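Student: Chains as they are written, first to last, in this note's numbering: chain A, 1 to 113; chain B, 1001 to 1112.
Every residue, glycine too, gets a C-beta built ideally from N, C-alpha and C.
Please read these numbers as outputs of a predicted model, since none were measured by experiment.
Sharing a structure, written as structure tokens. Questions coming.
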Amino acid sequence: QKEVEQNSGPLSVPEGAIASLNCTYSDRGSQSFFWYRQYSGKSPELIMFIYSNGDKEDGRFTAQLNKASQYVSLLIRDSQPSDSATYLCAVESRRTGGFKTIFGAGTRLFVKA
Amino acid sequence: DGGITQSPKYLFRKEGQNVTLSCEQNLNHDAMYWYRQDPGQGLRLIYYSQIVNDFQKGDIAEGYSVSREKKESFPLTVTSAQKNPTAFYLCASRPTGNEKLFFGSGTQLSVL
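And the structure:
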């Protein structure tokens, strides 16, 4: 079992729709959860982070965390063509020697104009 | 401006050759990381370091080596033991745990 799993997609949604991206993780001791967006050939950029169970909203983005189910999701409302990218789920755990951040394989999102 | 600088942007390796990728940060961050990304894949952790003169293996450390002699610098050497080195390599740093990663712009390594 991979430590962090995501559906690779591609996920295709029409402009203005809600895009829903999902992620599961295996380490119950994981403490912090991040969503990064990555455009082709570029470095990842942080979209959202969440530490506690429940929802966290920031503009068009909502992150949801359920530690009991080891599940984290990202909702993008009013999707725009510029949101087309790969979305990486990242999970952080404390290990000997420091904090270790593990990424999922990413979900490719296409927003059709 | 503060940030993370990776160099070179593109690097070519010959068979049996060791190559070193540079990563420098002036953000005063304690922790630094190296990730490898293959086409259409996520990031896989190679090595990470929380403090100077200490580093830990990630999930795919075989064929790679690192050093952390200075807080600002975390170079990655791709050795000849790494048989499939072609990938996009990303260096990252963070001030402490529970914080986002700051990424460099990456190095694309290819085999001649």
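In chain A, which residues lie with their C-beta within 9 Å of the C-beta of residue 1105 of chain B?
Tutor: 42, 43
Student: Measuring only the C-alpha atoms, how far is residue 89 of chain A from residue 1053 of chain B?
Tutor: 30 Å
Student: Output yes if chain B places a C-beta closer than 8 Å to the C-beta of residue 105 of chain A; else output no.
Tutor: Residue-level contact by beta carbon holds for residue 105 of chain A and chain B, with a gap shorter than 8 Å.
Student: Would you call residue 1058 of chain B buried or exposed, if buried means 16 or more other Cβ atoms sit within 10 Å of its Cβ?
Tutor: buried
Student: Please tell me whether residue 50 of chain A has its Cβ less than 8 Å away from any Cβ of chain B.
Tutor: no
Student: For a contact defined as C-beta to C-beta under 9 Å, what are the partners of residue 987 of chain B on chain A?
Tutor: There is simply no residue 987 of chain B to check, as chain B begins at 1001 and stops at 1112 in what is shown.
Student: CB-CB under 6 Å to residue 22 of chain A, same chain, minus the five flanking residues each way: which ones, in chain order?
Tutor: 73
Student: Give, in chain order, every residue of the region 4 to 38 of chain A whose Cβ lies closer than 7 Å to some Cβ of chain B.
Tutor: 31, 32, 34
Student: At the level of alpha carbons, what is the spacing between residue 81 of chain A and residue 108 of chain A?
Tutor: 13 Å
Student: Do you know offhand how far residue 14 of chain A's Cα is from residue 1032 of chain B's?
Tutor: 39 Å
Student: Could you check whether the Cβ of residue 1003 of chain B sits closer than 8 Å to any Cβ belonging to chain A?
Tutor: no
Student: If I'm right that residue 1101 of chain B touches residue 1020 of chain B with Cβ under 8 Å, what's the distance once you round it to whole angstroms?
Tutor: 22 Å between Cβ atoms; not a contact.
Student: Less than 8 Å between the beta carbons of residue 1087 of chain B and residue 1036 of chain B, yes or no?
Tutor: yes
Student: Could you tell me the distance, in whole angstroms, from the CA atom of residue 1095 of chain B to the CA atom of residue 1030 of chain B?
Tutor: The straight-line gap from Cα to Cα measures roughly 5 Å.
Student: In whole angstroms, what is the alpha-carbon distance linking residue 115 of chain A and residue 32 of chain A?
Tutor: Given that chain A is displayed from residue 1 to residue 113, the structure contains no residue 115 of chain A and the question cannot be resolved.
Student: Quick check: is the beta carbon of residue 1031 of chain B nearer than 8 Å to any beta carbon in chain A?
Tutor: yes
Student: If you follow the beta strand (DSSP E) that residue 1107 of chain B is in, where does it begin and where does it stop?
Tutor: 1107 to 1111
Student: Are the C-beta atoms of residue 75 of chain A and some chain B residue less than 8 Å apart?
Tutor: no
Student: By alpha-carbon positions, which one of B/1046, B/1081, B/1003, B/1090 ends up nearest to residue 1016 of chain B?
Tutor: B/1081
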